[in-house]
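A.B. asks: Numbering (UniProt numbering), first residue to last: 1 to 175.
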């Protein structure tokens, strides 16, 4: 590992997280996990949690998106189970890539992104974080083109404030 790449306090690597989301995505394709869709809010359910990792199943109806955010001190990965998502990410400016069915992304520490279902069809994705999420930071791009943090949320959920399988929003904290 090079000195300019930050590491997280976890024994898992980005490669392992990506492999994990791909494995769980295959379980979802085989019908082993229930999927729900909500036209108003992204739906999510935690499929696995331990001391080092949490794994989430998230559904997206057309035009649903996250805000520009990072995962604080957690590494992350996602695999698209069905449909297509667009990731807008910060790399000295906003860049964009399409994540098609079976594709995915890896999120090192400090990775700032927004994910959106820009298609006309629903999408489903599996996300893994290590260590498990405890906070998320939100950003905006200012008029000068610079990235600026706007708020932070303490959370154990990649969809803070959105209803989950049990109907209870995630814990929210400092804004």
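Just so you know, even glycine gets a beta-carbon here, dropped at the ideal spot from N, CA and C.
Please report the straight-line C-alpha distance between residue 148 and residue 23, rounded to a whole angstrom.
C.D. replies: As a first step, residue 148 is located in the chain shown; it is residue number 148 there, counting from the start. As a first step, residue 23 is located in the chain shown; it is residue number 23 there, counting from the start. Taking the straight line from one Cα to the other gives about 35 Å.
A.B. asks: If we count the other Cβ atoms within 10 Å of its Cβ and call it buried at 16 or more, is residue 107 buried or exposed?
C.D. replies: For the purposes of this step, residue 107 is taken as the residue at position 107 of the chain shown. The residue is buried, with at least 16 neighbouring Cβ atoms inside 10 Å.
A.B. asks: Should the region 10-22 be regarded as contacting the region 46-65, the criterion being three or more beta carbon pairs within less than 8 Å?
C.D. replies: Because the criterion of three Cβ pairs below 8 Å is met, the region 10-22 and the region 46-65 touch.
A.B. asks: Find the nearest neighbour of residue 95 within the set 87, 133 and 34, judged by alpha-carbon distance.
C.D. replies: Position 95 of the chain shown, counting from 1, holds the residue named residue 95. The candidate whose alpha carbon is nearest that of residue 95 is 87.
A.B. asks: In terms of residue numbering, what span does the beta strand (DSSP E) encompassing residue 79 cover?
C.D. replies: Translated into the one-based positions of the chain shown, residue 79 becomes position 79. Note, residue 79: beta strand (DSSP E), 75-82.
A.B. asks: In whole angstroms, what is the alpha-carbon distance linking residue 38 and residue 109?
C.D. replies: By 1-based counting over the chain shown, the position of residue 38 is 38. By 1-based counting over the chain shown, the position of residue 109 is 109. Roughly 30 Å separates the two Cα atoms.
A.B. asks: If you draw a straight line from the alpha carbon of residue 102 to that of residue 35, how long is it in whole angstroms?
C.D. replies: As a working note, residue 102 is residue 102 in the chain shown. As a working note, residue 35 is residue 35 in the chain shown. Rounded to whole angstroms, residue 102 to residue 35 spans 17 Å at the Cα level.
A.B. asks: Helix, strand or coil for residue 29 per DSSP?
C.D. replies: As a first step, residue 29 must be located in the chain shown, where it is residue number 29. It is helical.
A.B. asks: Determine the DSSP secondary structure at residue 54, reduced to helix, strand or coil.
C.D. replies: Counted from its first residue, the chain shown places residue 54 at position 54. Note: residue 54 maps to strand in three-state DSSP.
A.B. asks: Would you report the Cα separation of residue 60 and residue 72, rounded to the nearest angstrom?
C.D. replies: Looking up residue 60 in the chain shown gives position 60. Looking up residue 72 in the chain shown gives position 72. Using only the alpha carbons, I get a separation of about 23 Å.
A.B. asks: Measuring only the C-alpha atoms, how far is residue 133 from residue 144?
C.D. replies: Numbered from its first residue, the chain shown carries residue 133 at position 133. Numbered from its first residue, the chain shown carries residue 144 at position 144. Approximately 31 Å between the Cα atoms of the pair.
A.B. asks: For the beta strand (DSSP E) that contains residue 13, what are its first and last residues?
C.D. replies: For this step, residue 13 is matched to residue 13 along the chain shown. Looking at the DSSP string, residue 13 is not in any beta strand (DSSP E), and its letter there is neither H nor E.
A.B. asks: Among the candidates 83, 139, 91 and 160, whose CA atom is the shortest distance from the CA of residue 126?
C.D. replies: By one-based count along the chain shown, residue 126 stands at place 126. Residue 83 is the option with its Cα nearest to residue 126.
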